[in-house]
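*Asks:*
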Amino acid sequence: MAMKRSLSNAAHLLVLVALQVGIGTTCFADAIDVSALGGNMTSDLPGRHALQVPANYVTDPDRRALQISGFADFHKAFTKSEGVGPKFVNSSCGGCHVENARGPVKFSNHGSFGKTIVVQISAKSGLSNNGAPKPVPGAGGVLPTQTKGFKLFGTWKEIEGHYPTSDKTKYRLRFPVIRYSGPGFTHRTTRFSLRMTPPVIGPGLVDAISSATILALADPSDVNNDGISGKPNYVIDRRSGLKGIGKFGFRAGQVSTEGQTTAALFNEMGLTNPLFQKTGIDPEIDETTLERLVVYQQLGGVPRARNQSDPDVIAGNALFQQFGCNDCHVMTIRTDSGAPSELADQDIHPFSDFLLHDMGTGLADTKREFSAKGSEWRTTPLWGLGFTEEQFAGKQAYLHDGRARSIEEAIIWHGGEAKKSRNKFMQAKKSDRAKLIAFLKSL
55 MAMKRSLSNA
65 AHLLVLVALQ
75 VGIGTTCFAD
85 AIDVSALGGN
95 MTSDLPGRHA
105 LQVPANYVTD
115 PDRRALQISG
125 FADFHKAFTK
135 SEGVGPKFVN
145 SSCGGCHVEN
155 ARGPVKFSNH
165 GSFGKTIVVQ
175 ISAKSGLSNN
185 GAPKPVPGAG
195 GVLPTQTKGF
205 KLFGTWKEIE
215 GHYPTSDKTK
225 YRLRFPVIRY
235 SGPGFTHRTT
245 RFSLRMTPPV
255 IGPGLVDAIS
265 SATILALADP
275 SDVNNDGISG
285 KPNYVIDRRS
295 GLKGIGKFGF
305 RAGQVSTEGQ
315 TTAALFNEMG
325 LTNPLFQKTG
335 IDPEIDETTL
345 ERLVVYQQLG
355 GVPRARNQSD
365 PDVIAGNALF
375 QQFGCNDCHV
385 MTIRTDSGAP
395 SELADQDIHP
405 FSDFLLHDMG
415 TGLADTKREF
425 SAKGSEWRTT
435 PLWGLGFTEE
445 QFAGKQAYLH
455 DGRARSIEEA
465 IIWHGGEAKK
475 SRNKFMQAKK
485 SDRAKLIAFL
495 KSL
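55 is the number of the first residue of the sequence shown in the working numbering; add one for each residue after it.
1) Closest by CA to proline 286, which one among Arg293, Ser294, Leu269 and Asn278?
2) Can you tell me whether methionine 480 is helix, strand or coil according to DSSP?
3) Spatial neighbours of aspartate 455 within its chain, please: CB distance less than 7 Å, with the 5 preceding and 5 following residues excluded, ordered by chain position.
4) I'd like to confirm the pairing. Which residues does DSSP put opposite glutamate 212 in its beta bridges?
5) Hey, how far is the Cα of isoleucine 335 from the Cα of leucine 325?
6) What are the start and end residues of the beta strand (DSSP E) that includes phenylalanine 304?
7) Indicate whether the contact test is met: 3 or more Cβ pairs, each with one atom in the segment 110-119 and one in the segment 362-379, closer than 8 Å.
8) Look at the alpha carbon of lysine 449 and the alpha carbon of threonine 333, and state the distance between them as a whole number of angstroms.
9) Ignore the nearest five residues each way along the sequence and tell me which others in serine 62's own chain have a CB closer than 7 Å to its CB.
10) With DSSP collapsed to three states, give me the class of valine 190.
11) Within 10 angstroms of its Cβ, does threonine 243 collect 16 or more other Cβ (buried), or is it exposed?
12) Taking only three categories from DSSP, how would you classify isoleucine 175?
13) Which residue comes first and which comes last in the alpha helix (DSSP H) that contains histidine 411?
14) Closest to arginine 292 by CA distance: which of Phe125, Pro394 and Phe330 is it?
15) Where in the segment 292-342 do unbroken runs of the alpha helix (DSSP H), each at least 4 residues long, occur, reported from the N-terminal end onward?
16) Starting from serine 425, trace the alpha helix (DSSP H) both ways and give me its first and last residue.
17) Grab me the residues of alanine 262's own chain with a C-beta within less than 7 Å of its C-beta, minus the 5 sequence neighbours each way, in chain order.
18) DSSP three-state call for glycine 370: helix, strand or coil?
19) Name the residue from Ala193, Pro257 and Val277 whose alpha carbon lies nearest to the alpha carbon of histidine 241.
20) Please state whether DSSP places tyrosine 234 in a helix, a strand or coil.
21) Between the segment 431-440 and the segment 400-408, can you find at least three pairs of beta-carbon atoms closer than 8 Å?
22) Counting pairs of Cβ atoms below 8 Å between the segment 176-196 and the segment 272-283, do you hit three or more?
23) Determine the contact status of glutamate 471 and isoleucine 282, defining contact as a CB-CB distance below 8 Å.
24) Alpha helix (DSSP H) containing threonine 386: first to last residue?
25) Count the other C-beta atoms from every protein chain shown that fall within 10 angstroms of the C-beta of glycine 238, then say buried if there are 16 or more, exposed otherwise.
26) Using 10 angstroms around the beta-carbon of glutamine 351, count the other beta-carbons present and answer buried if the total reaches 16, otherwise exposed.
27) Between Ser265, Ile387 and Ser496, which has its C-alpha nearest proline 365's C-alpha?
28) Pick helix, strand or coil for proline 252, following the three-state DSSP scheme.
29) Can the beta-carbon of arginine 476 be found less than 8 Å from the beta-carbon of histidine 468?
30) With isoleucine 268 as the anchor, note down where its beta strand (DSSP E) starts and where it stops.
31) By the DSSP assignment, the beta strand (DSSP E) with asparagine 260 in it spans what residues?
32) Determine the direct distance from the alpha carbon of threonine 420 to that of glutamine 314, and round the result to whole angstroms.
33) Quick check: proline 189 and serine 179, are their CB atoms within less than 8 Å of each other?
34) Could you check whether valine 172 and valine 138 sit closer than 8 Å to each other, using their CB atoms as the reference points?
35) So, at 8 Å on beta carbons, what are the nonlocal neighbours of glutamate 322 in its own chain, with the 5 sequence-adjacent residues on each side left out?
36) Rounded C-beta distance between isoleucine 466 and tyrosine 225? I'm assuming under 8 Å.
Set out below in structure tokens:
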């Protein structure tokens with residue numbers, strides 16, 4: 055199981071005070087100090103700088119210079135003469151991952167999408183022999199929305215409900231309904247999965263988590279009978295050609311930062327690269343550029359958790375555990391000793407087990423990915439969650455397709471293996487729900 059860190063002195067003092075004055079009924083002593091979300095890679099720089107600038111812990115001048123030089127490559131808008139397209143979604147990494155964070159989720163007045171949302175598609179016939187989704191002839195694995203001949207439209211549908219508590223607080227949820235078409239296919243003749251662009255937070259630390267650590271958290275047969283059966287997704291590592299444990303992407307479809315980066319370069323930008331290239335033709339992204347892009351992401355800082363001495367945040371920390379949220383959103387994981395020196399042997403707080411969990415029919419789509427079914431999703435890391443609200447100021451979006459407009463909505467959408475935790479949240483007092491959300495916003 056994941057290791058737990060002790061409370062900081064300041065937080066410990068507040069816990070003692072809270073217990074003495076008897077605030078609420080929460081056991082504050084359960085709180086875990088997660089202030090340094092990224093371990094030594096935690097950054098105190100404000101806003102986007104926390105993600106884009108190398109953490110202070112990166113002291114090797116050559117590594118720092120390599121990370122800094124990657125900024126230009128990540129945010130550069132590639133041109134057609136440089137190889138982008140002809141089929142593509144965006145011309146730059148930073149065009150989707152705005153300020154290294156999420157991309158906005160929005161439809162235009164006519165229902166068409168912008169350039170920061172992706173529709174992964176696959177052939178209706180299923181998976182290839184190696185387990186990968188079969189590409190759609192003439193399109194590939196991603197709908198090229200910025201290419202002539204391909205169309206994508208969507209609308210939001212809403213449903214209403216109320217909490218089963220005495221206050222009967224009402225809520226409204228939304229979900230997307232999309233349709234698309236391309237030469238010879240439509241949404242009816244293919245499988246699809248709508249994806250918002252995730253934040254680029256701590257990928258180097260995720261690389262540094264060993265497969266053994268993730269497997270120790272897995273329980274695919276639910277041997278302990280707790281209703282949670284996290285399982286790894288074994289996917290193809292294009293660098294080695296072998297299968298490994300996926301850690302990146304909403305369905306854990308890539309094993310590494312490099313794999314995630316090269317797949318996005320090829321599928322979303324149409325750029326060939328060392329892992330996606332045509333035989334006998336030099337790739338449009340060479341090994342040197344790819345290294346800068348990967349190191350830029352790996353050595354960027356992780357924002358520090360805020361307001362950790364606030365009594366409501368401390369209470370929310372304890373409630374997070376009491377509701378069982380940390381059964382999947384594992385609060386503390388240790389990186390491997392064999393990782394690069396900046397990333398090795400650290401207690402970090404990604405709030406994920408990087409395993410697949412069945413989240414129920416409400417969040418399911420039609421696309422499979424290796425062993426992941428349409429209702430199975432990798433536990434999304436929660437570090438940097440509060441940065442989303444700061445970045446989009448009232449237009450934030452959560453979950454894999456951006457349907458949730460608030461953290462509260464995201465929690466209510468949880469089903470399947472997460473249903474028990476969701477129910478505990480919904481049956482809690484309104485004041486306790488607010489404390490949990492205050493904790494999540496502090497991350």
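Beta carbons: idealized from backbone N, C-alpha and C, even for Gly.
*Replies:* With the structure as the only source:
1) Leu269
2) DSSP places methionine 480 in helix when its eight states are reduced to three.
3) Pro230, Leu248, Arg249 and Met250
4) Arg228
5) Their backbone Cα atoms lie some 13 Å apart in a straight line.
6) That residue, phenylalanine 304, is in no beta strand (DSSP E); it is neither H nor E in DSSP.
7) With a cut-off of 8 Å, the segment 362-379 and the segment 110-119 do not count as touching, because too few Cβ pairs lie within range.
8) 44 Å
9) The predicted position of serine 62 is uncertain, since its pLDDT is 46 and thus under 50; a value taken from the coordinates is nonetheless stated next. Result list for serine 62: Asp87 and Ser89, in chain order.
10) strand
11) exposed
12) strand
13) It is not in any alpha helix (DSSP H) - histidine 411 instead sits in the beta strand (DSSP E) that spans 410-412.
14) Phe330
15) 311-321
16) DSSP places serine 425 outside any alpha helix (DSSP H), giving it a letter other than H or E.
17) Thr389, Asp390, Ala393, Leu397 and Ala398
18) helix
19) Ala193
20) strand
21) yes
22) Flag = no, the segment 176-196 and the segment 272-283 do not touch.
23) yes
24) Here threonine 386 belongs to no alpha helix (DSSP H), and DSSP marks it neither H nor E.
25) exposed
26) buried
27) Ser496
28) coil
29) yes
30) That residue, isoleucine 268, is in no beta strand (DSSP E); its alpha helix (DSSP H) goes 265-271.
31) Note on residue identity: the sequence assigns valine, not asparagine, to residue 260. Here valine 260 belongs to no beta strand (DSSP E); instead the alpha helix (DSSP H) covers 257-261.
32) 22 Å
33) No. Outside cutoff.
34) no
35) Phe142, Val143, Asn144, Cys150, Val172 and Val196
36) 6 Å
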